[in-house]
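Presented below is the structure to which this report refers.
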Amino acid sequence: MTKRKRISKIVNGMLLVICILSAAAALLLGGETVKEGWEYDSLAKDAEAQTADGIDWTMLRGRNQDIAAWLRVEGTTIDLPVVNTRKGDPADFYLSHDFDRNPSFAGCPYLDARGTADGPHALVYGHHMGFTGQIFSPIFATYRQAEFDKIGEMYWFTPDKGRQILKPVMAMSVDKKYQPIQTFDFSSAEEVRAWLSDMKKTATAVSDDCDATIANATRAITLVTCSSMNTGGRARTLLIFVQ
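Just so you know, the sequence shown maps onto residues 3 to 245 in the working numbering.
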C-alpha cells in the first residue's frame, strides 16, 4: 500500500468516527430535548385546576415563584408556563433553564422584562426546537401566510386577570435587533392601535380581519422564536395577537 493510500484510509476512518460521534450526540441531544418536552406535558396536566380560570397557581408558585402566566395557542401544541426573569439572573436565563430552573436545552418561555403579563404589550421569548416540535417550534414559520392561517386563538392566563382570549393578527420574520417590536410604554389604547398599524407595514402574513381587529385592540402579546432551524441565525419570527 502506498503512503498516499494509507493516509487516505486513515483520513476516511477519522471522518467515519466523527460522523458516528456526531450522530450519537444528535440522538442524545434530541432524546434529552424530547424528554424535556414530555416534562412540560406533565406540568400542563398538573397545572389544571377546578378554579375559575382552570390554572393551579398555588402549585405553580410552589415550584417556581417566577411564574407569570400560562399560554395556550389553538392549532398548535403550545400549552406552556411563562415566567419572569428573576432579579439577579441574566436576562436570558430561561433560554437555558427549564421551569424548575434546571439546566435545559429547551428552556422555558419568558417575558421581556420591559413588559408585564397584564401590560399593554407582552413580549414572550421561546426556543424553536426543530424536529421535536417543542416550545415555540409550531410557530416558527408563521411569517408565511399558509402557516399563519393555521393558528387559532391564544388563551392567556394570569393570576390577576384569569383567562383572556386574543386573536392572531399578523406575523413577520425580522432581524433579532428589530426595534419597533421593542415598544412597551403605551398611555392609551389609541397608541397601541397606532403601533399595531405601523407593525402591519412589515408583516408578511395577516388575518382577514386584521384592520378591524386592530381598530378595537387594547393590548398585544407577541411570541418570538427563531425563524429557521440553523443555530446562530439572526432572523426571528414575531407572531402578534391582540385583545
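Note that CB positions come from ideal geometry on N, CA and C, so glycine has one too. Small disclaimer: the values here were computed from a predicted structure and weren't measured.
Check, Outcome
"Count the CB pairs spanning the stretch 183–195 and the stretch 74–91 that are closer than 8 Å, and state whether there are at least three.", "no"
"List the residues that DSSP assigns as beta-bridge partners of Ser175.", "Thr239"
"Could you say which of Leu125, Glu193, Val226, Phe95 lies nearest to Ala219 if we only look at CA atoms?", "Glu193"
"Quick check on Phe159: does DSSP put it in helix, strand or coil?", "strand"
"Bridge partners of Leu113, per DSSP?", "Val126"
"Taking DSSP as the reference, what is the three-state secondary structure of Lys47?", "helix"
"Quick test of the definition: if touching needs 3 or more C-beta pairs under 8 Å, does the stretch 98–106 touch the stretch 71–80?", "no"
"Distance check for Ala237 and Asp177, CA to CA, integer angstroms please.", "5 Å"
"Assign Ile69 to one of three DSSP states: helix, strand, or coil.", "strand"
"According to the neighbour-count rule (16 or more other Cβ atoms, all chains shown, within 10 Å of its Cβ), is Asp100 buried or exposed?", "buried"
"Our contact map puts Ala222 next to Val244 with C-beta atoms below 8 Å; I'd like the distance itself, whole angstroms only.", "5 Å"
"Run the CB neighbour count on Ser139, radius 10 Å, all protein chains shown included, and call it buried at 16 or more, exposed below.", "buried"
"Run through DSSP, which three-state label would Gln147 get?", "helix"
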